[in-house]
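Numbering (our numbering), first residue to last: 66 to 337.
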């Protein structure tokens with residue numbers, strides 16, 4: 066587990082990514098930089114999922130958002146190579162469609178949607194910064210027109226001449242979230258995003274939430290808990306993220322000692 070201070074985190078760190086994209090304007094800026102087009106005001110769905118692997122070596126965060134013209138987005142940070150990533154994108158797409166269409170609604174009312182993975186490795190080994198997939202006819206290449214796209218971003222891309230420079234700078238910023246990288250961007254949106262990330266890192270409340278998470282991880286690892294208890298640990302870490310997002314910083318410090326509070330909060334967020 067990383068021993069970095071909160072102020073040293075890069076945007077590819079799941080905790081910072083979760084905290085940053087709780088802010089709707091930050092989420093909008095990220096979407097614009099990734100998609101290369103204007104995005105209207107964004108509403109971030111609260112019930113995103115923060116899940117840890119059994120050994121805490123990678124983290125998956127889903128951010129669900131929609132904009133004012135009813136376009137749906139699913140953002141996920143990926144720091145570990147996953148062979149099943151294409152089928153994971155299929156699963157996310159299905160979940161978005163089920164959530165978007167109420168009983169009795171016509172299929173024509175399904176909104177356009179994007180499933181977006183930000184990867185700190187090359188998911189398809191072609192050196193591209195961006196891989197975009199949509200349904201097409203195998204015989205004539207005609208687009209199906211179902212309104213969906215799956216986009217895989219690669220922070221290690223090498224085809225600089227094929228993508229906008231602002232996308233390249235953003236993907237560099239994901240791994241190196243510094244003032245130096247931000248100020249060299251040709252797009253003011255990245256500098257604005259960095260301002261929001263810098264302000265977040267100055268938050269004593271979010272720093273304490275991060276420290277609480279780190280302490281819990283160290284405590285669990287020191288005890289050498291069995292692999293079968295990983296689910297319980299991931300629930301506790303998801304709870305910390307959700308409480309911090311709701312501003313319940315005063316209660317966070319009591320989680321370790323107050324079992325009654327832990328149970329109450331787990332029930333509050335429907336985690337048990």
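Yeah, the Cβ is synthetic: ideal placement off N, Cα and C, and Gly gets one too.
As the structure is a computational prediction, the values presented were derived from the model and not from experiment.
| Query | Result |
| --- | --- |
| Please classify residue 138 as buried or exposed, where buried requires at least 16 other C-beta atoms within 10 Å of its C-beta. | buried |
| Please return the same chain residues whose Cβ sits closer than 6 Å to the Cβ of residue 321, not counting the five positions on each side in sequence. | none |
| Taking the alpha-carbon positions, what's the residue 184 to residue 143 distance? | 5 Å |
| Below 8 Å on the Cβ atoms is my contact criterion, and I expect residue 235 with residue 182 to pass it. Report the Cβ-Cβ distance as a whole number of Å. | Not confirmed; about 14 Å, so no contact. |
| Going by the CB atoms, is the gap between residue 176 and residue 165 shorter than 9 Å? | yes |
| Take the Cβ of residue 319 as the centre, count every other Cβ of all protein chains shown within 10 Å, and call the residue buried at 16 or more, exposed below. | exposed |
| Within a Cβ cutoff of 8 Å, which residues of the same chain sit near residue 412, ignoring the five residues on either side of it in sequence? | No statement about residue 412 is possible, as the shown extent of the chain runs from 66 to 337 and does not include it. |
| Specify the secondary structure class of residue 189 as computed by DSSP and reduced to three states. | coil |
| In terms of DSSP beta bridges, what is residue 213 paired with? | 178 |
| Can you name the start and end residues of the beta strand (DSSP E) that residue 137 belongs to? | 137-143 |
| Below 9 Å between beta carbons: does that hold for residue 265 and residue 79? | no |
| Classify residue 109 as helix, strand or coil using the three-state DSSP reduction. | strand |
| Identify whether residue 118 lies in helix, strand or coil by the three-state DSSP scheme. | Note on residue 118: pLDDT 38, under 50, position unreliable in the model; the coordinate value appears next. Correct three-state label for residue 118: coil. |
| DSSP three-state call for residue 202: helix, strand or coil? | coil |
| Return helix, strand or coil for residue 148, following the three-state DSSP convention. | coil |
| Verify whether the separation of the beta carbon atoms of residue 271 and residue 82 is less than 9 Å. | no |
| Apart from the five residues just before and just after residue 87, which ones in its own chain have a Cβ nearer than 7 Å to its Cβ? | 109, 310 |
| With burial defined as no fewer than 16 other Cβ atoms inside 10 Å of the residue's Cβ, what is the status of residue 124: buried or exposed? | The predicted position of residue 124 is uncertain, since its pLDDT is 34 and thus under 50; no value can be drawn from it. |
| Under 9 Å, do residue 227 and residue 194 count as touching if we go by C-beta distance? | yes |
| What is the DSSP secondary structure of residue 275, counted as helix, strand or coil? | helix |
| Taking the alpha helix (DSSP H) that residue 208 belongs to, which residues open and close that run? | Looking at the DSSP string, residue 208 is not in any alpha helix (DSSP H), and its letter there is neither H nor E. |
| For residue 267, is the classification buried or exposed, using 16 other Cβ atoms within 10 angstroms of its Cβ as the cut-off for buried? | exposed |
| Could you tell me which residues DSSP puts in a beta bridge with residue 219? | 184 |
| Check whether the Cβ atoms of residue 232 and residue 98 lie closer than 9 Å to each other. | yes |
| Please classify residue 259 as buried or exposed, where buried requires at least 16 other C-beta atoms within 10 Å of its C-beta. | buried |
| Please return the same chain residues whose Cβ sits closer than 6 Å to the Cβ of residue 230, not counting the five positions on each side in sequence. | 251 |
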